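Step one of this worksheet: look at the structure below.
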Amino acid sequence: MELQAALNSMQQAGLPAAVRQFGTALNASWIDSALRETGTATVRKRRLPAETVVWLVISMALFRNCSINSVVAQLGLALPGSKGIKATSSRTVAGSAVAQSRERLGDEPLQAIFERSAETWTDNAADADRWRGLALYGVDGSVLKVPDTADNEEAFGRPGSRFAPAGYPQVRLVVLMALRSHLVRAAAVGACRGKGTQEQRLARQLWSSVPEQSLTILDKGFLNYGALHRLRHDENGGVTARHWLVPARSNSRFTVLQTLGDGDELAEVPILRLARKQYPRAPKTMKLRIITYQVEGWPVRRLFTSLLDHEQYPADEIATLYHERWEVELGYGELKTQMLERKESLRSRKPKGVRQEVWGILIAYNLVRLKMMEAAELAGVAPTRISFKNSLHLIRVFSQVNAWAAPAGTMPTQHQMLLDMLAVLILPERRPERHYRRHVKVIKSGHLRNPGRAATIELYETRKLK
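Residue 44 in my numbering sits at position 44 of the sequence shown, with consecutive numbering throughout.
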């Protein structure tokens, strides 16, 4: 153990000072293994070796408001030059060198690093907060705009409508997220248009990443009995402990087999031929449990689940649990709105660079979330009670300061100071319901041309949120 600790300390000391705060979480051996396995390890001496370029791609996501060259300069990622005093002291490198280093690295090492790190991190987080012995996960998809280049459009497609095509090509992203920590466990990246690019198709790539003793909560767009049967069974057809929960559609057909309680039934559903064609091991019918409930002011809802034991998994708890699926939406909001700052599109003009950037974004998001989890444990609150926006800002400042001023030997102290500051960023508990009605003020169009119409403001009252 002492030898391993010494090796870890040596590896961490070799990291750029700006990212050394993440060195204990993102093990340097993971990066080395990914570079060796993909054949992208640096052989000749460069100012931006492959392992540094990995951190550059991650830092591009953390510092979305800076250009790539500024990220290299501000965080001191480039190694010193070898010719002359001026070159040795310079922190900058040519923009072409940065682009070439990213192109040499490619996207495969970043994907390998994400997959290995995400599995370790989410398993540890899920074990800390289970529901009746099950780790809670959610699956959902979104899209990210990419630069409008011919290569990106050919690789990812440009969504269209009956009016006009979209202004930018888009890449589709489907993630498997740990609901109570917001850590991303797995992700599938693909085109947004063309055969096999739907969210449901991409989600197939995630089923093998769902761990045992878990419950995956899905939106009704993922209601496919063949896919759910595949999630519940392994490759050999054996039943696993990977459970699922999904809302029923209004036209869902089923046959009630047994009434288990009020709004709690055991039923059988037919698996259509198309689903059995996509999943050959799926049977013609499947048993599931149906939970029917209603929240005051909302229509009746019906949930399908593989949790057939009504005594071990009470219906009222499952109905409440389903609404945690929205944690995936909140996670996407943190990633796209706050970390990526609602920028018009990603940076990369080539498909390989786009995929590399997406994997770097997911790693960066998980790293921020890990720091928030450490701070939450220190403060004795849930990880979702720490402000993501303020934590990201604090981590950015901490990285820049350490890049220029903090000696390597003071990193443990600096790291503890960061956690202490993050632990202060506690959000109030979420309100179960509103105690007042929300109003939205809408200004009529054309009031700028006619100031007299500026007074024409109508208050639109939305329904009370429960």
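Every residue, glycine too, gets a C-beta built ideally from N, C-alpha and C.
Since this is a predicted model, take the numbers as computed values, not measurements.
For methionine 421, collect the residues of the same chain with a Cβ closer than 7 Å to its Cβ; drop the 5 residues on either side in sequence, then sort them by chain order. Leu394
By Cβ distance, which residues of its chain are closer than 8 Å to arginine 64, with the 5 residues on each side in sequence left out? Closer than 8 Å at Cβ, skipping near neighbours: Met339, Leu340, Glu341 and Lys343.
Tell me the DSSP bridge mates of glycine 138? Met177 and Ile217
Please report the straight-line C-alpha distance between valine 54 and valine 381, rounded to a whole angstrom. 32 Å
Taking 8 Å as the threshold (C-beta atoms), are threonine 122 and alanine 61 in contact? no
Rounded to whole angstroms, what is the Cα-Cα separation between proline 283 and isoleucine 271? 7 Å
Taking the DSSP output, what are the residues bridged to methionine 286? Val269
Leaving out the 5 sequence neighbours to the left and right, which residues in its chain are closer than 7 Å to glutamate 324 when beta-carbon positions are compared? Leu136, Leu179 and Ile217
Closer than 8 Å is the cut-off here; do at least three beta carbon pairs connect the region 290-304 with the region 243-250? yes
Between the alpha carbons of lysine 444 and lysine 336, how many angstroms are there, rounded? Low confidence applies to lysine 444: its pLDDT is 49, below 50, so where it sits in the model is not reliable, and the reading given next is rough at best. Those two C-alpha atoms are separated by around 30 Å.
Just reading off the alpha helix (DSSP H) that threonine 109 is part of, what are its end residues? Per the sequence presented here, residue 109 reads as proline, with threonine not at that position. Per DSSP, proline 109 belongs to the alpha helix (DSSP H) from 108-128.
In this structure, how does DSSP classify leucine 257 when only helix, strand and coil are distinguished? strand
Within the continuous alpha helix (DSSP H) that includes threonine 305, where are the two ends? Where threonine 305 is concerned, there is no enclosing alpha helix (DSSP H), although the beta strand (DSSP E) it sits in stretches over 300-305.
Terminal residues of the beta strand (DSSP E) in which glycine 238 lies: Note, glycine 238: premise wrong, no beta strand (DSSP E); not H, not E.
Just how far apart, CA to CA, sit arginine 230 and arginine 273? Taking the straight line from one Cα to the other gives about 15 Å.
Where does leucine 15 land, buried or exposed, given buried means 16+ other C-beta within 10 angstroms? buried
Indicate the three-state DSSP secondary structure (helix, strand or coil) for aspartate 468 in the structure shown. Nothing can be reported for residue 468: it is not among the residues displayed for the chain, which extend from 1 to 466.
Should glycine 95 go down as buried or exposed, given a rule of 16 or more other Cβ atoms within 10 Å for buried? exposed
Less than 8 Å separating the beta-carbons of methionine 372 and isoleucine 363? The answer is no: Cβ separation not under 8 Å.
Of the listed residues Val210, Thr52, Lys389 and Gln258, nearest to glutamate 268 (C-alpha basis): Gln258
Given a cut-off of 8 Å, decide if phenylalanine 254 and glutamate 334 are closer than it, judged by their beta-carbon atoms. no
Considering only residues of the same chain and omitting the five flanking positions on each side of tyrosine 313, which have a CB-CB separation below 7 Å? Arg132 and Leu307
May I ask which residues mark the beginning and end of the beta strand (DSSP E) holding alanine 319? Here alanine 319 belongs to no beta strand (DSSP E); instead the alpha helix (DSSP H) covers 315-322.
Can you name the residues that DSSP bridges to aspartate 262? According to DSSP, aspartate 262 bridges with nothing at all.
Mind checking aspartate 316: buried by the 16 CB within 10 Å criterion, or exposed? exposed
Assigned secondary structure, lysine 86 (DSSP; H/G/I helix, E/B strand, else coil): At lysine 86, the pLDDT of 46 sits below 50, so the modelled position is not reliable and the matter cannot be decided from this model.
Bounding residues of the beta strand (DSSP E) (the contiguous stretch that carries alanine 186): Note, alanine 186: beta strand (DSSP E), 184-191.
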